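Chains as they are written, first to last, in the working numbering: chain A, 44 to 271; chain B, 16 to 503.
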Amino acid sequence: MSSSRDTVFASVRRALGVNSKEAPRRQEVADRIAGHPRGLVPARAQLPQAERIALFRDMVIAAAASIDHLPSTDDVPAAVAAYLRSRNLPMTILRGADPRLGALPWEREPTLDVWIGASDGRQLAGLSHAFAGVAESGTLVMLSGPDNPSTLNLLPDHHLVVVQADDVAADYESVWTRIRDRYGAGVMPRTVNWITGPSRSADIEQTLLLGAHGPRSLHVLLVGQTTA
Amino acid sequence: MSVQITSPRFKDNAKKALADAPLQAALSKVGPGFIGRRAAAAEKLPEFEALRDSARDIKNHTLAHLDLYLERFEEKVTAAGGHVHFAVDAAEARDIVTRICRDLGARTVTKGKSMISEEIGLNDHLDAAGIEPVETDLGEYLIQIRGEAPSHIIAPAIHLNKEQVEADFRRVHDHLAPERNLSEPTALLAEARGELRQKFLMADVGITGANFLVAETGTSIIVTNEGNGDLTQTLPQAHIVLASLEKLVPTLEDVSQLLRVLARSATGQEMSVYTTFSTGPRRSEDVDGPAAYHVVILDNGRSAMLAGQLREMLRCIRCGACMNHCPVYHAVGGHAYGWVYPGPMGAVLTPSLIGIEKGANLPNASTFCGRCEEVCPVRIPLPKLMRHWREKEFERHLTPAPQRFGLGVWAFFAKRGWLYRPATRLAMGALALAGRSKGRFSSLPLAGGWTSHREFPAPQGGTFQAQWRARKAAEAEKRAARTPEAAR
């Protein structure tokens, strides 16, 4: 097995005319990775926070998702219950162990059953807490782990996602900075999911249809006022 | 299916495609849909053109340092608890995947869309090993149940209509009620969702491709709209990533630049629905995710491309914009190209990977109109690279004898202007005279290849050279007339 590895590397080096030991080349690569320079970041989302939030909202809707803007996290249980009721769904939702979701006043919605864990495909609705939102494209950034299992992003028909207004970044690059701050340089959680709207396919005669394999509906619960 | 090469029969394939009415109906929708959506998305982002430059530069930098980025990627995957396997060729890649599946005792494998899987003919190989491969991208599923190869790199079943899909579903899903209504695409999608949901949940191994590999973090990335690739890699006990060498990019910032041009160029979306970054297997505290994570990195002829001008082709991010804008692809569809990669990118890549002997027809299947290069998000000079292959073909005496003879005759005249000019004037005059009543020819000696498919217009005016001289002379006269005024 190591011989195929050697063959591939030898072939790459021969074609490039290098031996991989050149100090300037190694330095250039080390600098690029350590410095991870931002390239060209579109001006679109480089806005004061209130306008950035408004852009996020517009982009979420443009991606065929729906969005509620709630004054406080305490309003989430009522918003979840209202969503399920409006779609004639059973009053049951599955969420991860995220303490931010655990701290919500679920007791205010006595008819709502809230379960905790990963999805096995039998739940109609799942609730997650996003790590961030990206205003540029209305994208939600989800991190895997027991707090917000990846299966919740994909298996339930309806995916509800809480995102804090303060966590809505202008661009993807700002989110990478936050992920490095949390996990360290060069380290990632097992899965980072960017989600922009509900699942779709245009594979039959190029007719765009929602609800291919993932959620048929994506509902964003944007929480809190901007602090800036 | 996919390893069957019919590229040497391109002309026959094209003839059949042109006479295939349902195919022509399906192809008529390719241009109008994709071209307008891409243009609108590009229009909406003022930085789009500059981002294409940025994307090109990132890929150029990575390819020039590919040995070092591969080393770094391997290190980081290993540190995250995953495994990297290098495969020199298709056979080795197939064997690696089969061995991993066998070691896990796998019986069913779900698959996200992967062109590398098509390139190495993985499904037939898994089948032969007693492992059932299930394609989960709707388009790939459709062609799998039909035993076909993809006809487009991002829309594999673009050659089919919904009546064909309905017939296939009734044939394959024979456990469902025969009287069910499948006349609408929504019903077809719902049925596929139901059937494949079971497969997702019971699969032992999930195999996906990779749109990018990030050296900084040892991360593989897939981009989907359906969520199928994401389910494929999340639910089974092992995730195998199939990628080729040139998928590497240095950092997360770099890949963000490339993602900004990928979806816009491909489908005209601001961003695809799911962009999933995977790094290693399930962590100890995780409640879901695969317990094993393997990345198979395939060379299969690509490292050799790094040496010459074909290196530019390795920038390709497989958006499909070149084929979406190609008049030849619009006319004959993807299957005519006879291997895995169709359209302009296939016309350059196929000869590189299977050899010019088998792939020579493809770089000739172009009018060099240049639309492909105009829309390529990483600015690959596709016409220039097709010309490179035409030259190689000629140098290696692969060009058919009549064509070589014709080129020889033309070159004889072209090198002798005193002979070329009167000869073309004479030929043109004769053609203009012969065609003056209808203005066109429906048959013409020595031009049967052209006139059997379309009419040949009768020439009008002078020869190109004569017109050019006249135009230059007129311009010079105009300049001379203007100069005294300007001097005042």
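Every residue, glycine too, gets a C-beta built ideally from N, C-alpha and C.
All of these numbers come straight from a predicted model, not from anything done at the bench.
Counting only Cβ pairs nearer than 9 angstroms, list the residues of chain A close to Glu241/B. Taking the second sequence and counting its residues from 1, the one referred to as residue 241/B is at position 226. Residues of chain A passing the Cβ test: Ser242, Arg243, Ser244, Asp246, Ala255, His256 and Gly257.
Residue burial classification, Gln166/A (beta-carbon count within 10 angstroms, cutoff 16): The residue you call residue 166/A lines up with position 123 of the first sequence. Gln166/A comes out buried.
Entirely enclosed beta strand (DSSP E) segments - the stretch 94 to 172 of chain A, minimum 3 residues: 109 to 113, 135 to 138, 156 to 159 and 168 to 172
Within 10 angstroms of the Cβ of Thr382/B, are there 16 or more other Cβ atoms? Answer buried if so, exposed if not. Here the question's residue 382/B lines up with position 367 in the second sequence. Under this definition Thr382/B is an exposed residue.
Nearest-angstrom beta carbon gap, Ser367/B and Met328/B [assumed within contact, 8 angstroms]: On the second sequence, position 313 is the one that residue 328/B refers to. On the second sequence, position 352 is the one that residue 367/B refers to. At roughly 7 angstroms, the Cβ-Cβ gap stays under 8 angstroms, so Met328/B and Ser367/B are in contact.
At 4 residues or longer, and completely inside the stretch 86 to 157 of chain B: list those alpha helix (DSSP H) runs for me, N to C. 105 to 118, 130 to 135 and 137 to 143
Note down, in chain order, every chain A residue with its Cβ under 8 angstroms from the Cβ of Asp505/B. In the structure as shown, chain B begins at 16 and stops at 503. Residue 505/B is therefore absent and cannot be evaluated.
Taking the alpha-carbon positions, what's the Ala462/B to Ala319/B distance? In the second sequence, counting from the first residue as 1, residue 462/B sits at position 447. In the second sequence, counting from the first residue as 1, residue 319/B sits at position 304. So the alpha carbons of these two residues sit roughly 39 angstroms apart.
Considering only DSSP beta bridges, list what Gln207/A is partnered with. Indexing the first sequence from 1 puts residue 207/A at position 164. DSSP lists Val266/A as partners of Gln207/A.
For the alpha helix (DSSP H) containing Phe63/B, list its first residue and its last residue. Along the second sequence, one-based indexing puts residue 63/B at 48. Run containing Phe63/B: Phe63 to Ala79, per the alpha helix (DSSP H) assignment.
Please report how far the alpha carbon of Met231/A lies from the alpha carbon of Leu251/A, in whole angstroms. Residue numbering aside, residue 231/A sits at position 188 when the first sequence is read from its first letter. Residue numbering aside, residue 251/A sits at position 208 when the first sequence is read from its first letter. Distance between the alpha carbons of Met231/A and Leu251/A is about 33 angstroms.
Below 7 angstroms between beta carbons: does that hold for Asn191/A and Asp118/A? Start at 1 with the first residue of the first sequence, and residue 191/A comes out as number 148. Start at 1 with the first residue of the first sequence, and residue 118/A comes out as number 75. Cβ distance not < 7 angstroms, so Asn191/A and Asp118/A don't count as in contact.
Does at least one heavy atom of the ligand ADP sit under 6 angstroms from the Cβ of Trp425/B? With respect to the ligand ADP, the structure shown offers nothing to examine, as it has no ligands at all.
Just to confirm, is the Cβ distance from Ala108/B to Val311/B under 7 angstroms? Taking the second sequence and counting its residues from 1, the one referred to as residue 108/B is at position 93. Taking the second sequence and counting its residues from 1, the one referred to as residue 311/B is at position 296. Yes, the Cβ-Cβ distance between Ala108/B and Val311/B is below 7 angstroms.
So the alpha helix (DSSP H) Met338/B belongs to, where does it begin and stop? To locate residue 338/B, count along the second sequence from 1; it is residue 323. Here the alpha helix (DSSP H) through Met338/B covers Ala336 to Asn339.
Against chain A: residues of the stretch 214 to 236 of chain B by CB proximity under 7 angstroms: Leu216, Ala230, Glu231, Thr232 and Thr234
Do Lys214/B and Val124/B have their C-beta atoms within less than 7 angstroms of each other? Mapped onto the second sequence, residue 214/B falls at position 199. Mapped onto the second sequence, residue 124/B falls at position 109. It is not a contact, given that the beta carbons lie outside the stated cut-off.
Going by alpha carbons, who is nearest to Tyr308/B out of Gly316/B, Leu257/B, His468/B and Trp404/B? By 1-based counting over the second sequence, the position of residue 308/B is 293. Answer by Cα proximity: Leu257/B.
When the cut-off is 7 angstroms and only beta carbons count, does Arg225/A lie next to chain B? What you label residue 225/A is simply residue 182 of the first sequence in a count that begins at 1. No, no contact with chain B.
If the cut-off is 7 angstroms on Cβ atoms, which residues from the stretch 379 to 393 of chain B count as contacting chain A, listed in chain order? none
Arg67/B: buried (16+ other C-beta within 10 angstroms of its C-beta) or exposed? Indexing the second sequence from 1 puts residue 67/B at position 52. Arg67/B is buried by the Cβ-count criterion.
According to DSSP, is Thr247/B helix, strand or coil? Residue mapping note: residue 247/B aligns to position 232 of the second sequence, counting from 1. If DSSP states are grouped into helix, strand and coil, Thr247/B belongs with the helices.
Quick one: grab the DSSP three-state call for Leu325/B. Within the second sequence, numbered from 1, the residue matching residue 325/B stands at position 310. In this structure, Leu325/B counts as helix in the three-state DSSP scheme.
In the stretch 94 to 120 of chain A, which residues sit with their C-beta less than 8 angstroms from some C-beta in chain B, listed in chain order? Met102, Ala105 and Ala106
Less than 7 angstroms between the beta carbons of Phe88/B and Leu228/B, yes or no? For this step, residue 88/B is matched to residue 73 along the second sequence. For this step, residue 228/B is matched to residue 213 along the second sequence. Result yes, Cβ atoms of Phe88/B and Leu228/B sit closer than 7 angstroms.
For Thr439/B, which of helix, strand or coil comes out of DSSP? Locating residue 439/B in the second sequence gives position 424, where the first residue counts as 1. Of the three classes helix, strand and coil, the one that applies to Thr439/B here is helix, per DSSP.
Given that a residue counts as buried once 16 or more other Cβ atoms are within 10 Å of its Cβ, and exposed if not, what is Lys262/B? Within the second sequence, numbered from 1, the residue matching residue 262/B stands at position 247. Buried is the call here.
Close beta carbons around Met360/B, own chain, < 6 angstroms, minus the five adjacent residues each side: By 1-based counting over the second sequence, the position of residue 360/B is 345. In the same chain as Met360/B, and ignoring 5 residues on each side of it, the C-beta atoms closer than 6 angstroms to its own belong to Cys331 and Cys337, in chain order.
In the DSSP assignment, find the beta strand (DSSP E) that holds Gly176/A and state where it starts and stops. One-based indexing of the first sequence puts residue 176/A at position 133. Residues Ala175 to Val177.
If you draw a straight line from the alpha carbon of Gly1/B to that of Glu90/B, how long is it in whole angstroms? There is no way to answer for residue 1/B, as the model of chain B reaches only from 16 to 503.
If Leu203/A and Leu155/A are in contact, beta carbons under 8 angstroms, what's the gap, nearest whole angstrom? To locate residue 203/A, count along the first sequence from 1; it is residue 160. To locate residue 155/A, count along the first sequence from 1; it is residue 112. Actually they are not in contact, since the Cβ atoms of Leu203/A and Leu155/A sit about 12 angstroms apart, beyond 8 angstroms.
CB contact below 7 angstroms: His202/A versus chain B: What you label residue 202/A is simply residue 159 of the first sequence in a count that begins at 1. False, the Cβ-Cβ gap to chain B never drops below 7 angstroms.
Looking only at C-alpha atoms, which of Ala192/B, Ala144/B and Tyr352/B sits nearest to His167/B? Translated into positions along the second sequence, residue 167/B becomes position 152. Selected option, being the one with the closest Cα: Tyr352/B.
Comparing C-alpha positions only, which one of Phe52/A, Gly267/A and Gly82/A sits nearest to Ala208/A? As a first step, residue 208/A is located in the first sequence; it is residue number 165 there, counting from the start. Measuring from the Cα of Ala208/A, the nearest candidate turns out to be Gly267/A.
Which residues mark the beginning and the end of the beta strand (DSSP E) in which Thr250/A is found? Your numbering for residue 250/A matches position 207 in the first sequence. That residue, Thr250/A, is in no beta strand (DSSP E); it is neither H nor E in DSSP.
Given that Pro192/A touches chain B, what residues does it touch there, using C-beta distances under 7 angstroms? Stepping through the first sequence from its first residue, residue 192/A is reached at position 149. Going along chain B in sequence order, the residues near Pro192/A (Cβ under 7 angstroms) are Val302 and Asp303.
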